[in-house]
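Visitor: Sequences listed follow chains Y and H, in order.
Mapping the first sequence onto this note's numbering, position 18 (from 1) lands on 43, and the numbers just tick up by one.
Mapping the second sequence onto this note's numbering, position 238 (from 1) lands on 263, and the numbers just tick up by one.
Below: one structure in structure tokens.
Number of protein chains: 2
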Amino acid sequence: MLDICLLGSGGVMPLPGRFLTSLYLEENGRAVLVDCGEGTQTAIRTAHKKFSRIGAIFVTHFHADHISGLVGLLLSFGLEGRTEALHMHGPEGLQTVVRSFLVIAPQLPFEIFFHEYSPTAPVKTVSGGLIVDIFPVDHDMPCLGYRFTMERAPKFDPDRARALGIPLRLWGKLQNGESVGGFSPADVLGEKRRGISVLYSTDTRPVEALDTLGKGVDLMILEGMYGDEEKWESARLKHHMMMQEAAEIAKRTSAGELWLTHFSPYTAEPENYLDMLKEIFPNTVMGKDSLCTTLSFRD
Amino acid sequence: MLDICLLGSGGVMPLPGRFLTSLYLEENGRAVLVDCGEGTQTAIRTAHKKFSRIGAIFVTHFHADHISGLVGLLLSFGLEGRTEALHMHGPEGLQTVVRSFLVIAPQLPFEIFFHEYSPTAPVKTVSGGLIVDIFPVDHDMPCLGYRFTMERAPKFDPDRARALGIPLRLWGKLQNGESVGGFSPADVLGEKRRGISVLYSTDTRPVEALDTLGKGVDLMILEGMYGDEEKWESARLKHHMMMQEAAEIAKRTSAGELWLTHFSPYTAEPENYLDMLKEIFPNTVMGKDSLCTTLSFRD
């Protein structure tokens, strides 16, 4: 099971009732955070999530609405007595930016490991129980998109295990992918099974990676910066995405569901665009603060 | 008239429903902000105040809960198209700290003038129509307190103006302190009159300056970090103030009113201490987010 919570749904600047876009993903008690604008620590509390579970923070890019909450969150981690290391992932320069913010808190009681990416093609990393595909997108500064996948172990075949005479006490280890007692997982495991995947990308024009890595994801979370037809020019100029474009991507990739977020401060009621978007992609959901769901393995 | 708004009432970290302590003061359409922790820009909007009126920001010290909202606020000023210069006042090192934050926004469309103080005794400055007394307090890092005074012109004496044969058209200029037509303001103005004064000090042990500069202020805004009797030791160790100590200061200085703020995150209901505090100083008010008032000249 993968718990997903859109902590905030705003872009550019925080507003009363609308925190800045940030995503919280938790599997097996371990969580990652994606983006951390001003107010994110309050949004985490509002959504009743726990600071201590966050093992990694992924940053899309260095615009303030995506990172201005970092210093407060890191200090609050420290005030809560955190000693566990934190992993931070983001574009090249991440360490420089975070260290600059920490001018007011040069000493934290935990270590930070920085993972910087300047990919020209998608790269992979692992965070807790998640496989993370990191890909460049098209904004007015280096910006990354992320796909998080929770893999599912292939099905265990008890008939084959019995036929091979494997003692019962070894079944669990083999099921978990471990070779033991002269047996290998391949002896008793079937075909690979579909996992759970979530793609998160904001502050970008539509790019090919969204179509390729978005193929069949369970949940696609994309920016819905503008919905007004007259905003196409702004979207292109400022390297943002129209809600309509996001819905088209979700349609092309056959995503399970599309959540829109990162609404322009001038979009007072994003819901007004929902009927139009459902004509393009019926499973469109307008993001809002503390929109949470739990995804389970299918079948 | 002086408009005063306590934007937030929290200390240490922002909580849902409790922004970090920050004060907004406005006279004649010009405002100053004191402290700017994470979320302050949202708190300004919640209190229906205008960014564009803020001409100066005063910072008490460099703990995150007092400055972590600066980068977001300065960027929002820029996004709103501000070109008017901003004056920032605070302890020595202010420029270094703010410039470090602005690593993600090296270019703002307005100029910032930094005024740094390392006073061993109170110093004075002027901001818009306010005279500001700046004084060192006792925290675990350099920290400043501020007293803001809106002066009142002495009363104009029409009998003396008539007796001196001053033409009517000159009365206004003389009233405003300008010498004109061979007459000086002293010819027609009476005794100095009482202005309006507000003292703001948080993150400190009681210090003598609070008693001397607080003498007879209309409004005293002090921290109420702890109220529990068992917290005296913490207060001393961490250089914070007990609510009881704040009430004693307000009593000694005969302040018009005392607002408490900067509550510890563990103080869920500050109101629980109010009856006890009113025994010490009856005009004690428990601060809360968006607590606003307007002070007028007396008589």
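Where is the CB? At the ideal position from N, CA and C, for every residue including glycine.
So H:Ala260 contacts chain Y; which residues on that side make the cut at Cβ distance below 8 angstroms?
Guide: Against the second sequence, residue 260 of chain H aligns to sequence position 235. Within 8 angstroms Cβ-Cβ: nothing; H:Ala260 doesn't reach chain Y, min ~17 angstroms.
Visitor: Short check: CB of H:Val213 to CB of H:Asp184, under 7 angstroms?
Guide: Within the second sequence, residue 213 of chain H is the residue found at index 188, counting from 1. Within the second sequence, residue 184 of chain H is the residue found at index 159, counting from 1. Contact flag unset, no.
Visitor: Checking 7 angstroms against the spacing of the C-beta atoms, do Y:Ser222 and Y:Met26 come in under that value?
Guide: Position 197 of the first sequence holds residue 222 of chain Y. Position 1 of the first sequence holds residue 26 of chain Y. No; because the gap between Cβ atoms is not below 7 angstroms, this pair is not in contact.
Visitor: By DSSP's criteria, Y:Phe138 is part of a beta bridge. Which residues make up the other side?
Guide: Within the first sequence, residue 138 of chain Y is the residue found at index 113, counting from 1. Y:His112.
Visitor: Just to confirm my understanding: we take Y:Glu51, look at its own chain, exclude 5 residues before and 5 after, and list those with CB closer than 7 angstroms. What are they?
Guide: Your numbering for residue 51 of chain Y matches position 26 in the first sequence. So the list reads Asp28, Arg78, once near-sequence residues are dropped.
Visitor: Please state whether DSSP places Y:Val84 in a helix, a strand or coil.
Guide: The residue given as residue 84 of chain Y occupies position 59 in the first sequence. Y:Val84: coil per DSSP, three-state reduction.
Visitor: Can the beta-carbon of H:Asp158 be found less than 7 angstroms from the beta-carbon of H:Leu238?
Guide: As a working note, residue 158 of chain H is residue 133 in the second sequence. As a working note, residue 238 of chain H is residue 213 in the second sequence. Yes; because the gap between Cβ atoms is below 7 angstroms, this pair is in contact.
Visitor: For Y:His86 and Y:Lys74, I'd like the C-alpha separation in whole angstroms.
Guide: Position 61 of the first sequence, counted from the start, is the residue given in the question as residue 86 of chain Y. Position 49 of the first sequence, counted from the start, is the residue given in the question as residue 74 of chain Y. Taking the Cα positions, Y:His86 is about 24 angstroms away from Y:Lys74.
Visitor: Quick one: which chain Y residues come within Cβ less than 8 angstroms of H:Val128?
Guide: Walking along the second sequence from the start, residue 128 of chain H turns up at place 103. What H:Val128 touches in chain Y: Thr121, Val122, Ser125, Phe126.
Visitor: Go to H:Gly97, then tell me how far its alpha helix (DSSP H) extends in each direction, as first and last residue.
Guide: Translated into the one-based positions of the second sequence, residue 97 of chain H becomes position 72. Its alpha helix (DSSP H) spans residues 95–104.
Visitor: Ignoring anything shorter than 4 residues, give me the alpha helix (DSSP H) runs that lie fully in the segment 227–273 of chain Y, in order along the chain.
Guide: 233–238, 257–262
Visitor: Our contact map puts Y:Pro41 next to Y:Gly62 with C-beta atoms below 8 angstroms; I'd like the distance itself, whole angstroms only.
Guide: Taking the first residue of the first sequence as position 1, residue 41 of chain Y is located at position 16. Taking the first residue of the first sequence as position 1, residue 62 of chain Y is located at position 37. No, Y:Pro41 and Y:Gly62 are not in contact; Cβ-Cβ is about 15 angstroms, not under 8 angstroms.
Visitor: When you compare only the Cα positions, how much space is there between Y:Gly106 and H:Arg218?
Guide: Start at 1 with the first residue of the first sequence, and residue 106 of chain Y comes out as number 81. Start at 1 with the first residue of the second sequence, and residue 218 of chain H comes out as number 193. Near 53 angstroms, if we compare the C-alpha coordinates of H:Arg218 and Y:Gly106.
Visitor: Is Y:Trp284 buried or exposed, if buried means 16 or more other CB atoms sit within 10 Å of its CB?
Guide: As a first step, residue 284 of chain Y is located in the first sequence; it is residue number 259 there, counting from the start. It is buried - the Cβ of Y:Trp284 has at least 16 other Cβ atoms within 10 Å.
Visitor: Given this structure, state the Cα-to-Cα distance separating Y:Glu233 from Y:Ser279, to the nearest angstrom.
Guide: Walking along the first sequence from the start, residue 233 of chain Y turns up at place 208. Walking along the first sequence from the start, residue 279 of chain Y turns up at place 254. In a straight line, the C-alpha of Y:Glu233 is about 15 angstroms away from that of Y:Ser279.
Visitor: Taking Cβ positions, are H:Ile69 and H:Met113 nearer each other than 7 angstroms?
Guide: Within the second sequence, residue 69 of chain H is the residue found at index 44, counting from 1. Within the second sequence, residue 113 of chain H is the residue found at index 88, counting from 1. Against a cut-off of 7 angstroms, the Cβ pair of H:Met113 and H:Ile69 comes out as no contact.
Visitor: Quick one: Cα of Y:Asp314 to Cα of H:Leu244, how far?
Guide: Residue 314 of chain Y sits at position 289 when you count from the first residue of the first sequence. Residue 244 of chain H sits at position 219 when you count from the first residue of the second sequence. When rounded, the distance between both Cα atoms is 37 angstroms.
Visitor: Please report the Cβ distance between H:Pro179 and H:Tyr142, rounded to the nearest whole angstrom; I am assuming they are in contact, meaning their Cβ atoms lie under 8 angstroms.
Guide: Translated into the one-based positions of the second sequence, residue 179 of chain H becomes position 154. Translated into the one-based positions of the second sequence, residue 142 of chain H becomes position 117. Actually they are not in contact, since the Cβ atoms of H:Pro179 and H:Tyr142 sit about 30 angstroms apart, beyond 8 angstroms.
Visitor: Tell me whether the beta-carbon of H:Leu119 lies closer than 7 angstroms to the beta-carbon of H:Phe139.
Guide: Locating residue 119 of chain H in the second sequence gives position 94, counting from the first residue. Locating residue 139 of chain H in the second sequence gives position 114, counting from the first residue. For H:Leu119 and H:Phe139, yes; Cβs fall inside 7 angstroms.
Visitor: For Y:Thr108, collect the residues of the same chain with a Cβ closer than 8 angstroms to its Cβ; drop the 5 residues on either side in sequence, then sort them by chain order.
Guide: Here residue 108 of chain Y is taken as the residue at index 83 of the first sequence, counted from 1. Once the five neighbours on either side are set aside, the close Cβ partners of Y:Thr108 are Pro134, Phe135.
Visitor: Which of helix, strand or coil does DSSP assign to Y:Phe160?
Guide: The sequence position of residue 160 of chain Y within the first sequence is 135, counting from 1. Reduced to three states, the DSSP call for Y:Phe160 is strand.
Visitor: Thinking C-beta only, is Y:Leu45 closer than 7 angstroms to Y:Gly33?
Guide: Walking along the first sequence from the start, residue 33 of chain Y turns up at place 8. Walking along the first sequence from the start, residue 45 of chain Y turns up at place 20. In this structure, Y:Leu45 lies closer than 7 angstroms to Y:Gly33 by Cβ.
Visitor: Under the DSSP definition of a beta bridge, which residues are partnered with Y:Phe288?
Guide: On the first sequence, position 263 is the one that residue 288 of chain Y refers to. Paired residue(s): Y:Gly35.
Visitor: Along the segment 35–57 of chain H, where does the CB come closer than 8 angstroms to a CB of chain Y? Name the residues.
Guide: Val37, Met38, Pro39, Leu40, Pro41
Visitor: In whole angstroms, what is the alpha-carbon distance linking H:Pro231 and Y:Ala260?
Guide: Your numbering for residue 231 of chain H matches position 206 in the second sequence. Your numbering for residue 260 of chain Y matches position 235 in the first sequence. Whole-angstrom Cα-Cα distance: 54 angstroms.
Visitor: Residues in the same chain with beta-carbon distance under 6 angstroms from H:Pro210, minus the five sequence neighbours each way, listed in chain order, please.
Guide: Counted from its first residue, the second sequence places residue 210 of chain H at position 185. Correct list, in chain order: Leu199, Gly202.
Visitor: Spell out whether any CB of chain Y is found under 7 angstroms from the CB atom of H:Thr292.
Guide: Reading the second sequence from its first residue, position 267 is the one you call residue 292 of chain H. Chain Y, which has no Cβ nearer than 7 angstroms to the Cβ of H:Thr292, makes this no.
Visitor: Please compile the residues from chain H whose C-beta is within a distance smaller than 7 angstroms of the C-beta of Y:Phe83.
Guide: On the first sequence, position 58 is the one that residue 83 of chain Y refers to. Result: empty, since nearest Cβ-Cβ is about 17 angstroms, beyond 7 angstroms.
Visitor: At a CB-CB cut-off below 8 angstroms, which residues of chain H make contact with Y:Ile92?
Guide: Indexing the first sequence from 1 puts residue 92 of chain Y at position 67. Per Cβ cutoff of 8 angstroms: Ile129.
Visitor: State buried or exposed for H:Asp228, treating a residue as buried only when at least 16 other CB atoms are found within 10 Å of its CB.
Guide: Position 203 of the second sequence, counted from the start, is the residue given in the question as residue 228 of chain H. H:Asp228 should be labelled buried.
Visitor: Is it buried or exposed for Y:Asp60, if we count other Cβ within 10 angstroms and need 16 for buried?
Guide: Position 35 of the first sequence, counted from the first residue, corresponds to residue 60 of chain Y. So Y:Asp60 counts as buried.
Visitor: Could you check which residue in Y:Leu100, Y:Lys263, Y:Tyr251, Y:Leu95 has the C-alpha nearest to that of Y:Ala272?
Guide: Within the first sequence, residue 272 of chain Y is the residue found at index 247, counting from 1. When only C-alpha atoms are compared, the closest one is Y:Tyr251.
Visitor: Identify the contact partners of Y:Leu32 in chain H, using a Cβ-Cβ distance below 7 angstroms as the criterion.
Guide: On the first sequence, residue 32 of chain Y is found 7 positions in, with the first residue counted as 1. Ordered by position in chain H, no residue passes the 7 angstroms Cβ test against Y:Leu32, which lies about 12 angstroms from the chain.
Visitor: Taking H:Phe173 as part of the beta strand (DSSP E), name the residues at either end of that continuous run.
Guide: Mapped onto the second sequence, residue 173 of chain H falls at position 148. Looking at the DSSP string, the run of the beta strand (DSSP E) that includes H:Phe173 is 169–177.
Visitor: Quick check on H:Ser222: does DSSP put it in helix, strand or coil?
Guide: Translated into the one-based positions of the second sequence, residue 222 of chain H becomes position 197. DSSP places H:Ser222 in strand when its eight states are reduced to three.
Visitor: Could you compute how far the alpha carbon of H:Phe76 sits from the alpha carbon of Y:Ser289?
Guide: Within the second sequence, the letter at position 51 stands for residue 76 of chain H. Within the first sequence, the letter at position 264 stands for residue 289 of chain Y. One C-alpha to the other measures close to 18 angstroms.
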